[in-house]
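Enquirer: In terms of this note's numbering, the sequence shown is residues 578 to 948. Take this structure first; my questions come after.
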Amino acid sequence: MFENYKTPAELLPSDPRFGCGPSLIPVEFLEKLAATGNSLIGTSHRKPAVRKLVQEAQEGLTKYFNIPSDYQVVLGNGGATFLFDMIALGLVRKKATHFTCGEFSSKWFKSSKSVPWIEASEVSAEFGQGVVAENVADSDLIATTLNETSTGVQVDGLPEVDGDTLLCVDATSGAGQVPCDISKTDVFFFSPQKVFASEGGLWVAFMSPKAIARSKEIEANKERYIPGIMSWDAAISNGEKNQTYNTPSISTIFFLNEQVKLMNEFGGYEKAIEYAEKKAKLLYGWAEEKPYLSCYVGEDKFRSRAVATINLDDKYDASELIKIFEKEGSVNGIDAYRKLGKNQFRISLFHNVKYEDLEKLTKMISMAVES
Ligand SMILES: Cc1ncc(COP(=O)(O)O)c(C=O)c1O
578 MFENYKTPAE LLPSDPRFGC GPSLIPVEFL EKLAATGNSL IGTSHRKPAV
628 RKLVQEAQEG LTKYFNIPSD YQVVLGNGGA TFLFDMIALG LVRKKATHFT
678 CGEFSSKWFK SSKSVPWIEA SEVSAEFGQG VVAENVADSD LIATTLNETS
728 TGVQVDGLPE VDGDTLLCVD ATSGAGQVPC DISKTDVFFF SPQKVFASEG
778 GLWVAFMSPK AIARSKEIEA NKERYIPGIM SWDAAISNGE KNQTYNTPSI
828 STIFFLNEQV KLMNEFGGYE KAIEYAEKKA KLLYGWAEEK PYLSCYVGED
878 KFRSRAVATI NLDDKYDASE LIKIFEKEGS VNGIDAYRKL GKNQFRISLF
928 HNVKYEDLEK LTKMISMAVE S
């Protein structure tokens with residue numbers, strides 16, 4: 578169907594990476610890393626050079642998100658998936674309620690559910706619809722996902738929770754450009770391979786005093802076995818010393834720090850939110866205007882400002898067009914989430930994906946379909 582398609586030179590995006598994670602890492606970051614020569618890579622994470630880098634990232638994030646001064650920025654190995662289990666084992670007393678609307682939020686729910694002493698319940702929305710978390714009177718932990726990367730649904734506001742309840746937010750693909758008041762959350766965590774333009778394998782968590790107290794309470798109760806690698810105590814005390822508990826990937830922290838600096842220089846969180854909004858308007862506006870496209874997420878307030886999911890009429894095969902783009906090297910990573918099985922494009926609106934490149938991508942797709 579699209580076999581004669583070829584992108585004209587003037588429409589080629591400046592970077593072909595439109596994937597929703599791992600995301601576009603600017604080539605300049607690689608050059609900056611190379612310029613560190615023998616001063617960073619291959620040195621110990623307990624020594625000043627790496628600790629200074631970790632400290633810079635912690636301080637940069639604190640400034641960017643305006644994190645309250647009594648919160649701690651903690652880092653560790655294993656990514657957000659690791660935290661699903663670490664939160665279940667180390668922060669849930671007895672009852673957790675999960676608000677789910679896609680693959681990742683469901684996976685997190687399964688982590689809690691598989692712990693024998695946790696009563697885990699789920700409030701779920703159909704895929705493509707949004708869910709708004711609420712306080713649940715007898716739950717000691719509420720779990721919600723800021724941006725569901727699988728479906729392109731973002732949350733619309735967070736609840737006020739009871740005094741002793743923890744509100745935990747998986748912000749993996751939304752952190753940095755989907756609005757969120759950190760002071761309302763107790764654990765706000767993410768992996769940095771999305772908006773924060775780094776690689777996978779790391780988790781970052783902003784923890785409130787209430788969350789830190791809960792972790793200490795549970796760890797002090799020796800009845801519960803918690804694997805050493807999942808100890809919040811170890812993670813928090815290392816974080817205070819600008820370290821991770823075990824050896825991290827230094828390049829991952831380096832890229833994260835570069836992106837935090839870039840986004841602070843860009844004008845901070847508010848400006849990044851505005852830029853994301855502008856890109857989202859472009860894509861959703863285009864999807865609404867073209868008869869062969871539609872927004873997968875019905876309600877505008879739930880349409881992600883980080884991951885746009887756009888359906889293509891079944892007369893055309895999105896995967897065929899994606900293959901052609903990949904073959905010519907013009908665009909990659911815009912496939913629908915593999916388990917969703919939709920005839921769809923899933924397009925990253927992450928900070929480093931330029932508005933002008935998204936504009937070109939919309940023209941490329943329209944040109945392919947309309948010719
Ligand atoms: C919302 C969300 N949560 C969790 C994860 C898992 O992150 P990781 O692969 O770093 O464990 C992802 C990955 O894409 C995600 O998008």
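For every residue, glycine included, the Cβ atom is placed at its ideal position computed from N, Cα and C. None of the values given here were measured: they were computed from a predicted structure.
Is the beta carbon of V874 sitting closer than 8 Å to the one on L926?
Expert: Sequence index remark: in the sequence shown, residue 874 carries index 297 (1-based). Sequence index remark: in the sequence shown, residue 926 carries index 349 (1-based). Cβ distance not < 8 Å, so V874 and L926 don't count as in contact.
Enquirer: S871 lies in the beta strand (DSSP E); which residues open and close that run?
Expert: Position 294 of the sequence shown holds residue 871. Here the beta strand (DSSP E) through S871 covers L870 to C872.
Enquirer: W809: buried (16+ other C-beta within 10 angstroms of its C-beta) or exposed?
Expert: Against the sequence shown, residue 809 aligns to sequence position 232. Buried, by the Cβ-count rule.
Enquirer: Say yes only if the C-beta of D747 is nearer than 7 Å to one or more non-hydrogen atoms of ligand 2, and no if none qualify.
Expert: Ligand 2 is absent from the structure shown, which contains only ligand 1.
Enquirer: If you compare alpha carbons, which of E587, M663, P593 and P603 is closest to A812?
Expert: To locate residue 812, count along the sequence shown from 1; it is residue 235. For A812, the nearest C-alpha among the options comes from M663.
Enquirer: Using the C-alpha atoms, what's the distance from L652 back to N815?
Expert: Indexing the sequence shown from 1 puts residue 815 at position 238. Indexing the sequence shown from 1 puts residue 652 at position 75. Roughly 8 Å separates the two Cα atoms.
Enquirer: Can you find a heavy atom of ligand 1 that lies under 7 Å from the Cβ of E725?
Expert: Reading the sequence shown from its first residue, position 148 is the one you call residue 725. E725 Cβ: within cutoff of ligand 1.
Enquirer: F767 and A790 - do their beta-carbons sit closer together than 8 Å?
Expert: Reading the sequence shown from its first residue, position 213 is the one you call residue 790. Reading the sequence shown from its first residue, position 190 is the one you call residue 767. Not in contact: A790 and F767 (Cβ atoms no closer than 8 Å).
Enquirer: Quick check: what's the CA-CA separation for P603 versus T584?
Expert: The residue given as residue 603 occupies position 26 in the sequence shown. The residue given as residue 584 occupies position 7 in the sequence shown. Whole-angstrom Cα-Cα distance: 23 Å.
Enquirer: Taking the alpha carbon of S691 as the reference point, which residue from K672, L917 and I901 has its own alpha carbon closest?
Expert: Along the sequence shown, one-based indexing puts residue 691 at 114. Considering only alpha carbons, the answer is K672.
Enquirer: Express the C-alpha separation of R670 and N929 in angstroms, rounding to a whole number.
Expert: Taking the first residue of the sequence shown as 1, we reach residue 929 at position 352. Taking the first residue of the sequence shown as 1, we reach residue 670 at position 93. Computed Cα separation, rounded: 39 Å.
Enquirer: Where C544 and F704 are concerned, what is the direct C-alpha to C-alpha distance, given to the nearest angstrom?
Expert: Absent from the model: residue 544. The displayed extent of the chain is 578 to 948, so no value can be given.
Enquirer: Would you call A945 buried or exposed, if buried means 16 or more other Cβ atoms sit within 10 Å of its Cβ?
Expert: Numbered from 1 along the sequence shown, position 368 holds the residue referred to as residue 945. Buried is the call here.
Enquirer: Express the C-alpha separation of F765 and L665 in angstroms, rounding to a whole number.
Expert: For this step, residue 665 is matched to residue 88 along the sequence shown. For this step, residue 765 is matched to residue 188 along the sequence shown. The residue you asked about is not Leu; residue 665 is Ala in the sequence shown. Their Cα atoms are separated by approximately 15 Å.
Enquirer: Using 8 Å for Cβ pairs, my map puts A714 next to F676. What's the rounded Cβ distance?
Expert: The residue you call residue 714 lines up with position 137 of the sequence shown. The residue you call residue 676 lines up with position 99 of the sequence shown. Rounded, the Cβ-Cβ distance is 15 Å, inconsistent with contact.
Enquirer: Find out if the Cβ-Cβ distance for the pair T726, G598 is shorter than 8 Å.
Expert: Numbered from 1 along the sequence shown, position 149 holds the residue referred to as residue 726. Numbered from 1 along the sequence shown, position 21 holds the residue referred to as residue 598. Against a cut-off of 8 Å, the Cβ pair of G598 and T726 comes out as a contact.
Enquirer: What residue range is occupied by the uninterrupted alpha helix (DSSP H) comprising A885?
Expert: Reading the sequence shown from its first residue, position 308 is the one you call residue 885. A885 -> not in any alpha helix (DSSP H); beta strand (DSSP E) instead, spanning V884 to L889.
Enquirer: Could you give the distance in angstroms between the alpha-carbon of L588 and the alpha-carbon of I924?
Expert: Along the sequence shown, one-based indexing puts residue 588 at 11. Along the sequence shown, one-based indexing puts residue 924 at 347. Whole-angstrom Cα-Cα distance: 17 Å.
Enquirer: For E794, count neighbouring C-beta atoms within 10 Å of its own C-beta (all shown protein chains included) and say buried if the count is 16 or more, exposed if not.
Expert: Within the sequence shown, numbered from 1, the residue matching residue 794 stands at position 217. Flag for E794 reads exposed.
Enquirer: Could you have a look at S683 and say whether DSSP puts it in helix, strand or coil?
Expert: Reading the sequence shown from its first residue, position 106 is the one you call residue 683. Of the three classes helix, strand and coil, the one that applies to S683 here is helix, per DSSP.
Enquirer: From the DSSP secondary-structure annotation, give me the bridge partner or partners of G653.
Expert: As a position in the sequence shown, residue 653 is number 76, starting the count at 1. W780, per the DSSP bridge assignment.
Enquirer: What residue range is occupied by the uninterrupted beta strand (DSSP E) comprising L743?
Expert: Taking the sequence shown and counting its residues from 1, one reaches residue 743 at position 166. First-last of the beta strand (DSSP E) with L743: L743 to D747.
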